[in-house]
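Numbers 41 to 357, taken from the working numbering, label the letters of the sequence shown in order.
Glycine included, C-beta positions come from ideal geometry on N, C-alpha and C.
I have placed the structure first, in the form of structure tokens, so that the comments after it can refer back to it.
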Amino acid sequence: MANAVPNRLGQVKNTGDDKALFMEQYAGEVLTSFVEEYKLAGHVTERNISHGKSASFPTVGTIGSEYHVPGTELTGMNVEHNEVIVGLDPMLISHVFIANIDEAMNHYDVRSEYTRQQGLELAKRRQLNELRMAIKAARTVTGPVTSQPGGGVIVAATMGSDSTVLANAIRQSRQMFDEKEIPDEDVVCALKPAQWYLLTQNKDLIDRDYNPSAGASLSQAVIESVARIKLLKTNAFPSVDDTANTKLQSKYRIDTSKTVAAVFHKSAVATLKLLDLALEDAYDARRQGTLMLSKFALGHDSLRVGGAIELATAATP
């Protein structure tokens with residue numbers, strides 16, 4: 041009796057690893073959910089390294105000028121330099137072990153849901169840490185070089201409940217950035233859904249005569265910008281007191297319980313990448329199950345602090 045010739049569904053062109061296509065599907069599910077959840081793509085300064093534990097982000101001050109007195113020698117003016125060292129956090133891993141017996145007895149598929157949840161979790165954790173650094177930058181009084189200003193905090197008791205107050209604070213942020221010579225491009229305002237929908241109820245903000253670039257609609261409850269600052273609606277926004285949260289790295293332990301929104305330029309936050317989002321799927325014969333994990337090795341910190349403004353209901357020490 042001849043042996044059967046199995047059709048290995050996971051092979052590419054019937055050769056090689058019999059799980060190759062299965063792993064690609066797993067990777068695709070994680071990456072898709074990560075991209076859908078992560079809102080700060082292109083809104084932070086990123087740097088990739090192939091090895092090491094930290095990297096230097098240089099900062100350069102401005103160059104002055106002076107009137108020349110005939111006959112005097114021009115020897116050059118001093119330009120202040122500094123650097124911000126961004127260190128890597130420990131590897132962040134989302135993992136799940138699926139026992140063979142449980143999967144055999146179960147009547148529905150759990151793997152696709154688990155992979156979706158892994159992507160969502162990693163996207164949420166990265167974004168929360170980057171927003172914490174934006175808020176921390178806003179609370180920093182002085183920049184890394186003398187000619188660069190510090191961050192800013194705008195406080196109003198009704199910031200989170202009054203659309204006019206919130207909109208005026210966003211406009212004031214634009215003015216403050218202009219006065220600090222922060223570029224108009226790459227400025228965003230991250231806020232929670234409650235405040236985003238609050239802004240959609242303000243008819244002046246969605247009136248094209250008052251705010252022609254808002255891309256707004258009262259009937260659709262949509263608004264894209266205020267004072268040319270793009271609005272990012274997200275649930276992954278830090279809004280609790282994490283000062284005693286030992287599950288976080290120490291630099292992320294800040295109190296954001298009074299924070300309503302974060303307005304920041306791309307240069308305000310730095311992200312260092314050693315290992316970008318990666319995936320592993322391994323069957324363990326000794327434990328009779330499959331370990332599925334998603335991971336990355338990143339680090340985040342404040343960079344150009346003058347490019348960040350916190351909108352809050354009260355000042356935080």
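Is it true that the CB of Q167 sits closer than 8 Å to the CB of L80? yes
For E77, name the three-state secondary structure that DSSP assigns. helix
Decide if the region 299-316 is in contact with the region 172-185; the criterion is three or more beta carbon pairs, one per stretch, under 8 Å apart. yes
With 16 other Cβ atoms within 10 Å as the buried cut-off, status of D341: By the 10 Å Cβ count, D341 comes out buried.
Cβ shell of I103 (< 7 Å), same chain only, five flanking positions each side left out: Excluding residues up to 5 positions away in sequence, M117, V119 lie with their Cβ nearer than 7 Å to the Cβ of I103 in the same chain.
Let's see if you can read the secondary structure: which residues bound the beta strand (DSSP E) around S334? 329-342
P278 (DSSP reduced to helix, strand or coil): Three-state result, P278: coil.
Determine the direct distance from the alpha carbon of A354 to that of G347, and round the result to whole angstroms. 20 Å
Are the beta-carbon atoms of T311 and E170 separated by less than 8 Å? Yes, these two residues count as a Cβ contact at 8 Å.
To which residues does DSSP link K273 through a beta bridge? L231
Could you please give me the residues that DSSP links to H91 through a beta bridge? None, per the DSSP bridge assignment.
When you compare each of S94, L239, E77 to A371 by their alpha carbons, which one comes out closest? Coverage of the chain is limited to positions 41 through 357, which leaves residue 371 absent and any answer about it impossible.
Give the secondary structure of A72 by DSSP, where H, G and I count as helix, E and B as strand, and everything else as coil. Here residue 72 is Thr; the residue named in the question, Ala, does not match the sequence. DSSP places T72 in helix when its eight states are reduced to three.
Burial state of L271, where buried means 16 or more other Cβ atoms lie within 10 Å: buried
Suppose contacts are defined by Cβ-Cβ distances below 8 Å. Is C345 in contact with G127 by that definition? Reading off the sequence shown, one finds Val at residue 345, where the question assumed Cys. No. Outside cutoff.
Check each candidate in S96, G183, Q188, R214 and name the one with the smallest Cα separation from A267. R214
If we ignore side chains and look at the alpha-carbon of each, how far apart do L315 and I89 end up? 8 Å
What does a CB cutoff of less than 8 Å around Q235 pick up in its chain, not counting 5 residues either side in sequence? G200, L206, V300, A301
Which partner residues does S96 have in the DSSP bridge list? I125
Residues that K313 bridges to, as DSSP identifies them: Under the DSSP definition of a beta bridge, K313 partners with N88, L338.
Tell me whether D321 sits in a helix, a strand or coil according to DSSP, three-state version. strand
Going by DSSP in three states, L288 sits in which element: helix, strand or coil? Looking at L288 - three-state DSSP - the assignment turns out to be coil, as it is neither helix nor strand.
Is E225 helix, strand or coil by DSSP? coil
For T204, the first and last residue of its enclosing alpha helix (DSSP H): 203-219
Taking Y295 as the reference, which of V100, S279, R87, K164 has the closest Cα? With the sequence shown as reference, residue 295 is identified as Asp, and Tyr is not the correct amino acid for it. For the residues V100, S279, R87, K164, the minimum Cα distance to D295 belongs to S279.
Apart from the five residues just before and just after V136, which ones in its own chain have a Cβ nearer than 7 Å to its Cβ? Y154, M332
Return the CA-CA distance between Q260 and E77, expressed in angstroms with no decimal places. In a straight line, the C-alpha of Q260 is about 22 Å away from that of E77.
According to DSSP, is G82 part of a helix, a strand, or is it coil? coil
Alpha carbon to alpha carbon, what distance is there between C229 and L49? Here L49 scores only 49 on pLDDT, less than 50, and its place in the model should not be relied on; the value that follows carries that caveat. Looking at the two C-alpha atoms, the distance is approximately 46 Å.
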